[in-house]
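Report on one structure; see the data block that follows.
What follows is the structure in structure tokens.
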């Protein structure tokens, strides 16, 4: 690394670097900062020269950071947040005039939650947009890096130090199948284990609470199929002899539409706690505070046992 004279170092370069590390694209960074691509490219060139490191290199669709860049951003982000707090102690978010875009990661069964949130946002902040994605394996890293503003995730996940959060509730479990499913005529643990199941795959790094609870009861299930999204479950159950053990909220809006039965899980299984999480460096961001205040009551109603 080159020795840097702090008296001559342009802190704006670190702001550009922070956005580049989030977007991993000169084009997207330019759009986010409202600058030209050539200006961002020039800033990246200056950063490379200052630090004597390529920082970001081409690697597929997105640029990939070097080891030095990853270490640098970990040190720089708290400093930038501190400077922002000092320079903008009276930072204001005016929902009536803001054109901010918020990015959420919320389970895809929470359609009613998103609809209610959008209605409230539109009423109070007509120019604000909300972009919805579903949680994936690295969602907490996306939150830590600022690519996602707010996420709702199982509380059991290990949060990076740069992620803050609060509990919003827990999801109870139910077993679903077509209303005339033979398993429901004598419903119990034996029939639950005898019939094949359908499941939703959400990454590979979280143990299934259903499998853990079933094993504790001396049961195992055969999973005949996996789907990537909760909305795919109902139409498949309606046309098959498959069962699905899911959070009750995942099927609340579709049970009647697909003529499904909702049964108690025939063994002990604890509710699944969830939390609303965000980047800790943005805890005092007025816009984020405003959004959390609007999402919190809606999420607590949705994630109620």
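In full-length UniProt numbering, the protein residues as written are 1 to 305.
Think of the CB as a built atom: it goes at the ideal place given N, C-alpha and C, for glycine as much as any other residue.
This one's a predicted model, so the numbers in the text were calculated from it and none came from an experiment.
Quick one: using the 10 Å Cβ neighbour count with 16 as the cut-off for buried, is residue i buried or exposed?
| i | result |
| --- | --- |
| residue 57 | exposed |
| residue 226 | exposed |
| residue 287 | buried |
| residue 59 | exposed |
| residue 101 | exposed |
| residue 176 | buried |
| residue 248 | buried |
| residue 204 | Confidence at residue 204 is low in this model, with a pLDDT of 49, below 50, so the placement of that residue is unreliable and no value is reported for it. |
| residue 52 | exposed |
| residue 181 | buried |
| residue 74 | exposed |
| residue 214 | buried |
| residue 212 | exposed |
| residue 171 | buried |
Just to confirm, is the Cβ distance from residue i to residue j under 8 angstroms?
| i | j | result |
| --- | --- | --- |
| residue 178 | residue 238 | yes |
| residue 265 | residue 173 | yes |
| residue 274 | residue 243 | no |
| residue 32 | residue 16 | no |
| residue 234 | residue 260 | yes |
| residue 109 | residue 250 | yes |
| residue 202 | residue 135 | yes |
| residue 189 | residue 216 | no |
Expressed to the nearest angstrom, what Euclidean distance is found between the alpha-carbon atoms of residue i and residue j?
| i | j | result |
| --- | --- | --- |
| residue 42 | residue 30 | 11 angstroms |
| residue 301 | residue 106 | 14 angstroms |
| residue 254 | residue 34 | 43 angstroms |
| residue 64 | residue 27 | 15 angstroms |
| residue 294 | residue 167 | 15 angstroms |
| residue 55 | residue 257 | 53 angstroms |
| residue 297 | residue 38 | 44 angstroms |
| residue 359 | residue 93 | Residue 359 lies beyond the stretch modelled for the chain, which goes from 1 to 305, so this question has no answer here. |
| residue 9 | residue 76 | 14 angstroms |
| residue 69 | residue 120 | 39 angstroms |
| residue 282 | residue 156 | 22 angstroms |
| residue 245 | residue 36 | 50 angstroms |
| residue 187 | residue 79 | 59 angstroms |
| residue 241 | residue 232 | 15 angstroms |
| residue 104 | residue 132 | 5 angstroms |
| residue 111 | residue 50 | 47 angstroms |
| residue 95 | residue 44 | 33 angstroms |
| residue 72 | residue 199 | 41 angstroms |
| residue 67 | residue 21 | 12 angstroms |
| residue 129 | residue 46 | 34 angstroms |
| residue 141 | residue 185 | 46 angstroms |
| residue 165 | residue 303 | 15 angstroms |
| residue 268 | residue 159 | 27 angstroms |
| residue 117 | residue 228 | 24 angstroms |
| residue 307 | residue 252 | Given a span of 1 to 305 for the chain in the structure shown, any question on residue 307 remains unanswerable. |
| residue 153 | residue 284 | 21 angstroms |
| residue 169 | residue 113 | 14 angstroms |
| residue 99 | residue 115 | 19 angstroms |
| residue 143 | residue 14 | 19 angstroms |
| residue 230 | residue 236 | 11 angstroms |
| residue 163 | residue 145 | 9 angstroms |
| residue 183 | residue 263 | 11 angstroms |
| residue 12 | residue 161 | 25 angstroms |
| residue 40 | residue 23 | 12 angstroms |
| residue 97 | residue 48 | 38 angstroms |
Is the Cβ of residue i closer than 8 angstroms to any Cβ of chain D?
| i | result |
| --- | --- |
| residue 277 | This model lacks chain D altogether, as it is built from one protein chain only. |
Less than 7 angstroms between the CB of residue i and some heavy atom of the ligand ZN, yes or no?
| i | result |
| --- | --- |
| residue 136 | This structure lacks the ligand ZN, and indeed carries no ligand of any kind. |
Contact the region 217-228 vs the region 188-198: 3+ CB pairs below 8 angstroms:
Yes, the region 217-228 touches the region 188-198.
Count Cβ pairs between the region 278-290 and the region 147-164 that sit closer than 8 angstroms; are there 3 or more?
The region 147-164 and the region 278-290 touch, with three or more beta-carbon pairs separated by less than 8 angstroms.
Just to confirm the assignment: which complete beta strand (DSSP E) runs, minimum length 3, are found wholly within the region 172-202?
Correct list: 173-178, 197-200.
Note down, one range per segment and in chain order, each beta strand (DSSP E) of at least 3 residues found wholly within the region 95-159.
Runs found: 101-105, 129-133, 150-154.
Hey, which unbroken runs of the beta strand (DSSP E) at 3 residues or more fall wholly within the UniProt domain "HTH lysR-type" (9-66)?
Annotation: the UniProt domain "HTH lysR-type" (9-66) contains no complete segment of the beta strand (DSSP E) (minimum length 3 residues).
Between the region 116-128 and the region 290-299, do three or more beta carbon pairs fall short of 8 angstroms?
Taking 8 angstroms as the limit for Cβ pairs, the verdict is that the region 290-299 does touch the region 116-128.
What are the uninterrupted segments assigned as beta strand (DSSP E) that are 3 or more residues long and contained completely in the region 195-279, given in chain order?
As far as the region 195-279 is concerned, its whole beta strand (DSSP E) runs of at least 3 residues are 197-200, 223-227, 244-247, 260-264, 272-279.
Output the residue ranges of the alpha helix (DSSP H) runs that lie fully inside the region 277-302 and measure 4 residues or longer, sorted by chain position.
Within the region 277-302, the complete alpha helix (DSSP H) runs of at least 4 residues are 286-302.
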